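According to UniProt numbering, the sequence shown is numbered sequentially starting from 1. The beta carbon of each residue, even a glycine, is placed where N, CA and C say it ideally should be. In this text, all values refer to a predicted model and were calculated from it rather than measured experimentally. Everything on this sheet refers to the single structure shown next.
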Amino acid sequence: MEHSTKPLVDVLLEGGPDTFSAADRRRRIPAGEPTVKVSRGHCTEHFFQTRRVVRIEDGEFQIYHWSHRTYVAE
């Protein structure tokens with residue numbers, strides 16, 4: 001199994017389901033990933049990378065904005 005050697009970055013997911021908690025919206029992912037996919041039951045939420053970065057009390061976060069939802073076929 002191949003492991004990524006990219007450094008991890010903190011990202012903040014914006015938009016999408018109202019059911020995402022603040023903790024759900026914070027992620028650590030390999031640097032440079034163009035999308036984040038979050039599986040939630042029978043669907044997957046898709047977020048795309050923006051150029052925006054926000055500073056919050058505990059660090060800097062790259063913003064990923066919600067794009068669309070796909071459903072898992074049964």
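In the displayed model, P30 falls within a strand according to three-state DSSP.
Residue range 8–14 is occupied by the beta strand (DSSP E) that includes E14. Counting of Cβ neighbours within 10 angstroms places V11 among the buried residues, the total reaching 16 or more. R25 carries a coil assignment under DSSP once its states are collapsed to helix, strand and coil. Assignment of beta-bridge partners to E57 by DSSP yields no partner.
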